[in-house]
Every structure is written in structure tokens, then in C-alpha cells.
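Undergrad: After the C-alpha cells below, expect a handful of questions from me.
Number of protein chains: 2
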Amino acid sequence: MGATTATGDRMDGTALTRADLPPVLVVGLGLIGGSVALDLRAAGATVRGVSRSETAVRRALEIGAIERGGTSLADEAPHAGVILVAAPVRTSIRLLSEAAASAPPGAVITDACSSKREVVAAMDRLPPTIRAVGGHPMAGKESSGIEAAEAGLFKGATWVLSESVRTDDEARRVGELLAEMCGAVPLWTDATEHDEAVAAISHLPLLTAAALVLAAEDSGSELMWRLAAGGFRDATRLAAGDEWMGSDLLLTNSHPLSEAHARFTARLEELAAAASAADEAALFRLLRRAAERRRSMYGWEQPR
Amino acid sequence: MGATTATGDRMDGTALTRADLPPVLVVGLGLIGGSVALDLRAAGATVRGVSRSETAVRRALEIGAIERGGTSLADEAPHAGVILVAAPVRTSIRLLSEAAASAPPGAVITDACSSKREVVAAMDRLPPTIRAVGGHPMAGKESSGIEAAEAGLFKGATWVLSESVRTDDEARRVGELLAEMCGAVPLWTDATEHDEAVAAISHLPLLTAAALVLAAEDSGSELMWRLAAGGFRDATRLAAGDEWMGSDLLLTNSHPLSEAHARFTARLEELAAAASAADEAALFRLLRRAAERRRSMYGWEQPR
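Residue numbers (numbering that gives the first Met the number 0), protein chains in the order written: chain A, 0 to 303; chain B, 0 to 303.
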């Protein structure tokens with residue numbers, strides 16, 4: 000196979016280990032890319048970086064997230080055996096093709112997007128000389144950019160891996176290694192199932208958080224902002240995230256989102272109707288079911 | 000005035016100080032009542048407690064939240080100059096009258112309910128020998144009961160105070176003293192304005208949190224529960240709270256809640272329509288406005 004050098008294929012058929020992970024190129028040096036780079040380097044990988052922002056490249060070098068880097072993907076990709084694209088979804092889809100055009104044959108390309116179906120479909124269309132596997136490290140914070148990057152961000156987190164038609168054993172092993180080197184737990188998942196799940200637990204909650212903030216503003220109450228405490232803070236935290244990233248992921252997962260939204264609206268109407276009709280039994284039953292389910296997920300919690 | 004002994008009125012017209020706060024009776028020894036009692040005792044007050052649960056009384060004595068206590072409000076109220084009722088809203092409304100029936104003339108009765116209009120209306124109907132002022136210490140956590148009580152729970156929190164027709168200078172000063180002795184910041188607010196504000200920032204977010212959990216369950220995805228991380232945890236935290244307390248506060252604030260719900264639904268539909276029509280400009284504009292407003296409230300946040 001022509002990819003021996005670039006991807007570290009071993010002729011004896013043993014599985015790839017950390018020690019022979021080929022050089023990694025991280026494309027996009029923001030919160031996720033920067034944090035992955037820090038972890039990979041700490042785990043012993045050779046890591047380069049590319050960003051359209053010279054400042055981000057300089058900063059990534061300064062904090063030791065990458066050993067070398069630049070602003071040209073075409074210049075950096077030929078040196079990489081593994082390319083991890085960490086950008087908003089639609090940008091990532093474009094960068095996958097650009098990376099594939101300059102990568103050595105057999106290189107493994109992966110991503111960090113929080114919707115997977117469209118990304119994996121784009122991977123399916125990459126040239127057959129390229130390997131590719133979808134990835135979604137499920138951790139983050141509201142702040143963004145390389146300044147927010149931190150080692151250990153993914154410790155204990157789930158790192159979803161989704162197969163494309165360009166996924167082979169080598170790509171599978173590279174995907175798992177990247178997750179493990181960041182302290183995350185790899186979880187193989189069908190891209191469509193992934194997208195339906197994150198619509199319910201991540202994308203819809205982003206919409207409801209934004210709607211809570213906008214509706215509060217619409218009320219025109221000044222007092223409200225003085226009274227808003229821990230409950231509102233938690234309920235709206237997702238709305239403080241990067242709006243580029245947010246609109247991007249919502250636009251690339253619109254069908255599952257719309258189904259999750261329909262289910263949500265039905266339940267919200269049921270709750271609101273019970274409250275406004277003073278149907279205490281119905282309201283209590285719904286709140287109890289939600290509370291029990293929520294507690295079974297996370298247990299009782301610390302003060303907010 | 001006949002209340003001199005019970006409420007610590009001073010004949011010289013000086014304001015009541017911590018040192019001459021009359022004995023306090025906390026009615027309801029749960030999370031809020033227990034925490035208030037701990038703080039008041041630490042600040043030097045004499046504190047008794049009453050609960051329908053013998054176990055709660057015993058536990059409150061053990062942790063030093065109260066000096067004496069029992070299960071009969073009628074037995075305890077005659078010894079109190081200040082009575083703080085800390086129970087679910089509709090229970091509190093009933094207990095206000097019961098407390099007033101046994102309290103010495105001039106005693107100040109207050110509460111800790113998170114809706115105020117119906118409570119203050121009930122205070123208006125108390126006998127004219129009784130003083131009363133509405134209160135809402137705005138802190139809490141999901142866990143409930145005396146076991147969850149802790150000193151300092153209200154440190155830095157807003158403690159809303161609302162006037163009833165039974166509020167005079169002495170009651171005002173007692174309300175402020177209780178807040179201050181718990182480390183909270185008293186804020187005088189009209190009961191109706193308070194209720195409109197908390198509908199938007201607390202009661203509606205409870206409904207949306209419950210609806211998010213129920214809708215997620217309705218989706219039937221098992222994967223979802225494995226993937227649910229920090230974002231869902233925060234967005235649904237309010238749903239884990241006590242369901243008795245929750246249904247009670249929603250039922251006693253249904254009109255403001257229904258208005259907040261209508262504003263929310265309008266914004267959510269706008270966001271969902273933009274996502275499903277792939278109207279990137281509209282979606283981005285809405286997310287940006289929400290993100291800016293949210294950041295202006297709480298700033299950028301730590302990892303979740």
C-alpha cells in the first residue's frame with residue numbers, strides 16, 4: 000500500500016500504537032483544535048497546525064500546542080499522516096476536500112464537528128486514496144479561540160466516531176488513538192443516529208436557551224435582569240456560545256432538529272396547559288416524570 | 000403599641016438592630032427554612048423551628064439550626080416575635096393564617112415563596128394586630144430537605160421584599176434585617192412586578208427544562224442518554240428540582256407564566272423557522288443577539 004510512510008501502516012499487521020502515530024496536522028486552531036493539539040503533544044505526538052489567522056498560529060506555537068504551523072493548508076498537508084479538521088461544520092466540509100487534495104496518499108482525515116451526517120457524506124466523496132473517519136469530541140465551553148484552549152478539556156468525555164465509506168481498519172484505529180490520547184472515550188456511532196441524539200440534547204437546548212434570553216428581553220422588565228440568578232444562568236448557558244458555530248451546526252442538522260423541536264413543543268404545551276388550567280394532578284405528574292428522569296441521569300446536584 | 004415586648008419596638012424611635020431582633024420562629028424546616036435558621040443563629044438570633052416532620056425537627060436541633068422546636072405551630076407561635084414561613088406557596092398561604100392565629104399581637108410574619116402576589120394578598124387579609132411582609136430569598140439548589148440546608152446559602156443573593164397592607168416600618172426593618180443576617184441583599188419590589196420577572200427567569204425555564212427532558216425521552220433514542228453532556232445538564236438542571244415545590248409555584252403564578260410562555264414560543268418558532276428554512280442571516284442575527292445579551296449578564300463562562 001502506498002501509504003506506508005505517511006500513515007505508519009505496519010507490514011506485520013499489528014495495530015497502530017501511540018508511538019507510531021504519524022505526524023498530525025490540526026486544521027483550525029480554536030478552542031477545540033488548540034485543546035486537541037495540546038493533549039496530543041502531551042501524549043507524545045508530532046503536531047503541526049494550520050489556521051487562516053496568523054495570530055492563532057503564533058499563539059498555538061507559544062503555548063506549545065503545535066511544533067510548526069502556518070496559514071496555508073496546501074503547504075502543511077503534505078507533511079501529515081493524520082489531519083484533524085476542527086472548524087465550524089460547513090467550513091470543515093470544505094476543508095476536508097482541500098486537505099485531501101494536498102495530503103499524501105493513505106493519510107487519515109478526521110473532524111471534530113457536532114453534526115456528523117453531512118460531514119460523513121462529504122468524506123464519502125473524498126478520493127479513494129484518502130482515508131477518513133468522522134469524529135465528535137463531546138466537550139466544550141462557551142468561550143472560543145486558541146486563548147480558551149486547555150489541556151485535558153476532553154478528559155473522560157465521549158468522543159464519537161462515525162464511519163464513512165473511506166473508513167478502514169487503519170482509520171478506525173487512528174480515530175480511537177486520537178480520542179484516547181486526549182483522555183476521551185471513543186464511541187462508534189452511526190452518523191444519523193448521532194445527529195438525532197445531539198438534536199435533542201444539544202441543538203434544541205441551544206435554540207431554547209436563545210429563545211429564553213430573547214423572550215426575557217422582549218418582556219421589557221428591568222427588574223428581571225436584577226433578579227436573574229443561578230437557574231436562568233444554567234438554563235441559558237448554551238446561548239452564550241459562539242454564534243458562528245451555533246448557526247452552522249443548526250443549519251447542518253435541520254431535519255433532526257425540527258423533529259426534536261416538534262416533540263419539545265408538544266410537551267411544553269402540555270405543561271403550560273396544565274399550569275394555566277390549574278390541573279394540579281397533570282402538572283405534578285409531568286414534573287415528577289421529568290425530575291425522576293433528570294435525576295436518574297445526573298443525580299442530585301450541588302448548589303447552583 | 001401592644002406589640003412592644005413581642006417585636007422589640009423601641010419607645011425611643013431608633014431602628015431595630017440585630018441585637019434586639021425578637022425570637023424568630025422558622026415554619027418549615029427544609030432546605031430554605033433550615034438554611035435561614037443556620038444563618039440567623041450564626042448572626043446571633045434566637046431561633047425556634049416548627050415542622051410537621053418530627054425527623055426534620057430533630058435534625059434541625061442536631062445541626063444547630065434551631066434552639067427549640069416542635070411539630071405544633073400553635074404551640075410555638077406564641078413565643079415568637081418574628082415568624083418566617085418557608086414552605087411551598089399554597090402551604091405557606093395556609094400557614095400564614097395559622098401562624099397569625101397563635102402569634103402575639105404585633106408579631107411580624109414573613110415568607111420565602113418564589114411567587115409573591117398571592118402570598119401578599121393573603122397577608123393583606125391577616126388580622127390588623129399582625130404585621131406582615133413578603134419575602135423571597137433568591138437562592139436554592141435542586142436538593143431539598145433539612146439534610147440539604149447549609150449556612151451561607153444566601154450569601155450575596157438578592158432577597159426580595161414586597162409590601163402588604165400589613166407592612167409598617169417595623170415589618171420593613173425586620174424584613175431587611177433577616178436578609179442582611181443571612182448575608183443577602185434586600186430588594187424592595189412590587190409583588191406583581193416580581194412575579195412577572197420570575198415567570199421569565201425562573202418559572203418558564205423550569206417548564207422548558209422539564210419539556211426538554213420529556214421530549215428527549217419521547218424520542219426513544221438510547222444513544223442520547225449516553226451522549227448527554229454538560230450542555231444538556233445545565234439546560235435541564237431546573238427540572239431536577241422538587242416537583243411539589245415546582246407545581247406549586249407554577250400554579251400560583253399562572254398568568255405571568257402564560258405571558259412569558261407566549262413570548263418564548265414566538266421566539267422559538269422564529270429561531271426554528273430560520274433553521275429549517277436555512278435562513279442563515281436570520282438565524283445568525285437571532286443567535287448573536289441572544290449571545291450578546293447573555294454575555295452582558297454573566298460574561299464569558301468557565302467550562303461546563
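For every residue, glycine included, the Cβ atom is placed at its ideal position computed from N, Cα and C. Here the structure is a predicted model, which means the values were calculated and not measured.
Using the C-alpha atoms, what's the distance from phenylalanine 263/B back to valine 119/A?
TA: 35 angstroms
Undergrad: Is the Cβ-Cβ distance between alanine 198/B and leucine 256/B less than 8 angstroms?
TA: yes
Undergrad: With serine 91/A and valine 84/A assumed to form a contact (beta carbons below 8 angstroms), what rounded beta-carbon distance in angstroms separates them?
TA: Contact annotation, serine 91/A with valine 84/A: C-beta distance approximately 5 angstroms; criterion of less than 8 angstroms satisfied.
Undergrad: Quick check on leucine 83/A: does DSSP put it in helix, strand or coil?
TA: strand
Undergrad: So for isoleucine 145/A, helix, strand or coil by DSSP?
TA: helix
Undergrad: Any idea which residues DSSP pairs histidine 312/A with across the strands?
TA: What is shown of chain A runs 0 to 303, which leaves residue 312/A out entirely.
Undergrad: From alanine 289/B to proline 22/B, what does the alpha carbon distance come to, in whole angstroms?
TA: 47 angstroms
Undergrad: Taking DSSP's pairing of strands, which residues face valine 184/B in a bridge?
TA: Thr157/B
Undergrad: Spatial neighbours of glutamate 51/B within its chain, please: CB distance less than 7 angstroms, with the 5 preceding and 5 following residues excluded, ordered by chain position.
TA: Inspection of the sequence shows that residue 51/B is occupied by arginine rather than by glutamate. Taken in chain order, the residues that qualify are Thr70.
Undergrad: Nearest to lysine 115/B by alpha carbon, out of Cys181/B, Ala41/B, Arg89/B?
TA: Arg89/B
Undergrad: Would you give the residue range spanned by the beta strand (DSSP E) that isoleucine 108/A belongs to?
TA: 107 to 110
Undergrad: Skipping 5 residues on each side, what residues in its chain have a beta carbon closer than 7 angstroms to that of serine 376/A?
TA: Because chain A here runs from 0 to 303, residue 376/A falls outside it and cannot be looked at.
Undergrad: For valine 46/B, name the three-state secondary structure that DSSP assigns.
TA: strand
Undergrad: On a Cα-Cα basis, can you pick out the residue from Phe153/B, Pro77/B, Ala14/B, Glu175/B that is closest to threonine 109/B?
TA: Glu175/B
Undergrad: Mind checking valine 26/B: buried by the 16 CB within 10 Å criterion, or exposed?
TA: Flag for valine 26/B reads buried.
Undergrad: By the DSSP assignment, the beta strand (DSSP E) with valine 23/A in it spans what residues?
TA: 23 to 26
Undergrad: Roughly how many whole angstroms lie between the Cα atoms of glycine 43/B and aspartate 233/A?
TA: Those two C-alpha atoms are separated by around 34 angstroms.
Undergrad: Ignore the nearest five residues each way along the sequence and tell me which others in arginine 284/B's own chain have a CB closer than 8 angstroms to its CB.
TA: none
Undergrad: Assess, as a yes-or-no matter, whether the stretch 154 to 167 of chain B is touched by the stretch 208 to 218 of chain B under the definition of 3 or more beta carbon pairs within less than 8 angstroms.
TA: no
Undergrad: Report the start-end ranges of each alpha helix (DSSP H) in the stretch 172 to 217 of chain B that is 4 residues or longer and not cut off at the edges.
TA: Counting whole runs of 4 or more residues, the stretch 172 to 217 of chain B contains the alpha helix (DSSP H) stretches 190 to 197, 203 to 217.
Undergrad: Rounded to whole angstroms, what is the Cα-Cα separation between threonine 4/B and glutamate 216/B?
TA: Because the pLDDT at threonine 4/B is just 38, under 50, the model does not fix this residue reliably, and the point stays unresolved.
Undergrad: Using a Cβ-Cβ distance cut-off of 8 angstroms, determine whether isoleucine 62/B contacts chain A.
TA: no
Undergrad: Could one say the Cβ of proline 22/A lies closer than 8 angstroms to chain B's Cβ atoms, at least one of them?
TA: Output row for proline 22/A: interface = no.
Undergrad: Checking the sheet assignment: what are the DSSP bridge partners for arginine 130/B?
TA: Answer is Val107/B, bridged to arginine 130/B.
Undergrad: Report all residues from its chain with a CB closer than 8 angstroms to the CB of leucine 282/A; omit the five preceding and five following residues, and keep chain order.
TA: Leu270, Ala273, Ala274
Undergrad: So, is threonine 54/A buried or exposed, given that buried needs 16 or more other C-beta atoms within 10 angstroms?
TA: exposed
Undergrad: Any beta-carbon of chain A closer than 8 angstroms to the one on alanine 131/B?
TA: no
Undergrad: Measure the alpha-carbon distance for alanine 106/B versus valine 159/B and round it to whole angstroms.
TA: 20 angstroms
Undergrad: Taking C-alpha atoms, which residue in Met137/A, Glu221/A, Glu291/A lies nearest to alanine 239/B?
TA: The shortest CA-to-CA distance from alanine 239/B to any of Met137/A, Glu221/A, Glu291/A is the one to Glu291/A.
Undergrad: Which same chain residues, not among the five before or five after methionine 122/B, have their C-beta less than 6 angstroms away from its C-beta?
TA: Once the five neighbours on either side are set aside, the close Cβ partners of methionine 122/B are Ala131, Ser163, Arg165.
Undergrad: Identify, in the order they occur along the chain, each residue of the same chain with its Cβ nearer than 6 angstroms to the Cβ of glycine 32/B, setting aside the five sequence neighbours on each side.
TA: Val25, Ala85
Undergrad: When the Cα atoms are used, what is the spatial distance from glycine 219/A to valine 35/A?
TA: 42 angstroms
Undergrad: What's the gap between the Cα of glutamate 192/B and the Cα of glutamate 117/B?
TA: 13 angstroms
Undergrad: Where glycine 230/A and methionine 223/A are concerned, what is the direct C-alpha to C-alpha distance, given to the nearest angstrom?
TA: 13 angstroms
Undergrad: What number of angstroms, rounded off, separates the C-alpha of alanine 102/A from the C-alpha of leucine 177/A?
TA: 18 angstroms
Undergrad: For leucine 286/B and alanine 100/B, I'd like the C-alpha separation in whole angstroms.
TA: 54 angstroms
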